[in-house]
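First residue of the sequence shown? That's 0 in numbering that gives the first Met the number 0, and the numbers climb one at a time after it.
These notes concern the structure reproduced below.
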Amino acid sequence: MAARGLPTHSGASPDTRPVRSSRYRAKLSDTKNFTYFLVLYLMAVSKAVAEYHIVTVAITQDEGDVDFCGGLRTAITQDEGDVDFCGGGLRTAITQDEGDVDFCGGLRTAITQDDGDVDFCGGLRTAITQDEGDVDFCGGLRTSITQDEGDVDFCGGLQTAITQDEGDVDFCGGLRTAITQDEGDVDFSITQDEGDVDFCGGLRTAITQDEGDVDFCGGLRTAITQDEGDVDFCGGLRTAITQDEGDVDFCGGGLRTAITQDEGDVDFCGGLRTAITQDEGDVDFCGGLRTAITQDEGDVDFCGGLRTAIAQDEGDVDFCVWGAADSNRTG
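This is the structure in structure tokens:
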């Protein structure tokens, strides 16, 4: 047999073609087929983008449902997680363990685990829910992180909420920032251990711990409560710091400042007020300018005019003279 590439006895030209194995020919055929189908796929995608503006990517496991309509879509669902996208914009959703995601319009990003529900409508959205946490956004920019059945409900404006342990957040209008832990219900505040905060109008800042309650209505507000301290503000500028079940109640215009510790109570009504109470000291102001410092269950009661009082060791002070500037100390 003549060797490949050498002249034969018949004088025919040598065969210079390389040796082609059957495996190589099969691989070449597969490559051609893959290229053919890839071209068809790209043509289909290009047609979809050109005609319908729809590009979808979905990975579902364990009976997860995905429904896309318009725009760019990405969804990964596991364990019966449902995803429903509808209308323009970009969408990204990752759901696990029966988590539901419903997007409508705008840019969306949601990560849900353990039956966490997310409902977005309009604007930019970012939500991370774990352990049956619910998120409901409508309008504006939204950011929410919920854990352990924490619920978040946003409506209008810019919102940011972080909830843990069944903490509920309800925002409606304006700028909002909330951090809740341990079943705390929040409106524009930072709460821990079931502390409730209720804001209405104006700028608000509240930090509560251990079931501290804060109720603001109108004007500028600042409150720091610890250990079940209650704060109730209504109108004007307010500043309160309470510790150990100290109660503060402000009502009506003017400037207010109160620092209470160990169940000290402060009640202001009208005018300018300054009070520092410790160890169950009570302060009651009504009208005019007031200044009081109480320690160890000292009580101060002002009514009308200018007042200054320092009480220690259960000393009681009672002022009720309109227009007078009195100072009294008992100890």
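Glycine included, C-beta positions come from ideal geometry on N, C-alpha and C.
Could you pull out every residue in the same chain whose Cβ sits closer than 6 Å to the Cβ of phenylalanine 249, ignoring the five residues on either side in sequence?
Around phenylalanine 249: Phe232, Arg237, Arg255 and Phe267.
Below 6 Å CB to CB, which residues in the same chain sit around aspartate 298 once its five sequence neighbours on both sides are set aside?
Only Asp281 and Asp315 meet the Cβ criterion.
Sequence-distant residues of the same chain with beta carbon closer than 6 Å to phenylalanine 119, five excluded per side
Closer than 6 Å at the Cβ level, and outside the excluded window around phenylalanine 119, lie Phe102, Arg107 and Phe136.
Nearest residue (CA-CA) to glutamate 97, options Phe215, Asp150, Ile275 and Gln112:
Out of Phe215, Asp150, Ile275 and Gln112, Gln112 has the C-alpha closest to the C-alpha of glutamate 97.
Along the beta strand (DSSP E) that carries leucine 71, what are the first and last residues, could you check?
Note, leucine 71: beta strand (DSSP E), 70 to 76.
By the three-class DSSP mapping on this structure, what secondary structure does leucine 123 have?
Correct three-state label for leucine 123: coil.
Looking at the ligand SAH, does it come within less than 7 Å of valine 265, judged from the CB to the closest heavy atom?
Absence of the ligand SAH from the depicted structure is noted, as is the absence of any ligand whatsoever, leaving it without description.
Just checking my contact of threonine 145 with threonine 162 at CB under 8 Å: how many whole Å lie between their CB atoms?
The pair is a contact, with the Cβ atoms about 5 Å apart (cut-off 8 Å).
Where glycine 138 and aspartate 99 are concerned, what is the direct C-alpha to C-alpha distance, given to the nearest angstrom?
Approximately 19 Å between the Cα atoms of the pair.
Limits of the beta strand (DSSP E) - the one that cysteine 103 falls within
Residues 99 to 103.
Determine the direct distance from the alpha carbon of arginine 72 to that of threonine 91, and round the result to whole angstroms.
Inter-residue distance for threonine 91 and arginine 72 is about 6 Å (C-alpha atoms, whole angstroms).
Name, in chain order, the residues that DSSP records as bridge partners for glutamine 277.
None, per the DSSP bridge assignment.
Go ahead and pull the three-state DSSP assignment for glutamine 294.
In the structure shown, the three-state DSSP call for glutamine 294 is coil.
What residue range does the beta strand (DSSP E) around aspartate 248 cover?
Going by DSSP, aspartate 248 is part of the beta strand (DSSP E) stretching over 246 to 250.
What would DSSP say about aspartate 300, mapped onto helix, strand or coil?
DSSP places aspartate 300 in strand when its eight states are reduced to three.
Which partner residues of aspartate 312 appear in the DSSP bridge assignment?
Residue pairing by DSSP places aspartate 312 opposite no residue, since no beta bridge is assigned to it.
Assign glutamate 244 to one of two classes, buried (16 or more other C-beta atoms within 10 Å of its C-beta) or exposed (fewer than that).
The C-beta of glutamate 244 has 16 or more other C-beta atoms within 10 Å across all chains shown, which makes the residue buried.
Here's a check: name, in chain order, each residue in its chain whose Cβ is nearer than 6 Å to the Cβ of aspartate 64, leaving out the five neighbours to either side.
Its chain contains Asp81 as the residues whose beta carbon lies nearer than 6 Å to that of aspartate 64, once the 5 sequence neighbours on both sides are disregarded; these appear in chain order.
Classify aspartate 214 as helix, strand or coil using the three-state DSSP reduction.
In the structure shown, the three-state DSSP call for aspartate 214 is strand.
In three-state terms, what does DSSP make of glycine 80?
Of the three classes helix, strand and coil, the one that applies to glycine 80 here is coil, per DSSP.
Per DSSP, the bridge partner or partners of aspartate 118
Note: aspartate 118 sits in a beta bridge opposite Asp101 and Asp135.
Reducing DSSP to helix, strand and coil, say where leucine 106 ends up.
The answer is coil: DSSP assigns leucine 106 none of H, G, I, E or B.
Which whole-angstrom value describes the C-beta separation of threonine 290 and threonine 276, a residue pair presumed to lie in contact below a C-beta threshold of 8 Å?
Threonine 290 to threonine 276, Cβ: 12 Å. No contact.
Distance, Cα to Cα, cysteine 68 vs alanine 126?
Approximately 21 Å, taken between the alpha carbons.
8 Å contact criterion, which aspartate 355 and aspartate 300 should meet: CB distance rounded
The structure shown does not extend to residue 355, since the chain is modelled only from 0 through 330, so no value can be given for it.
Pairwise C-alpha distance: arginine 272 and valine 332:
A query on residue 332 cannot be resolved here, the shown segment of the chain reaching from 0 to 330 and no further.
Could you name the residues of the same chain whose beta carbon sits closer than 6 Å to that of aspartate 264, not counting the 5 residues immediately before and after it, in chain order?
Excluding residues up to 5 positions away in sequence, Asp246 and Asp281 lie with their Cβ nearer than 6 Å to the Cβ of aspartate 264 in the same chain.
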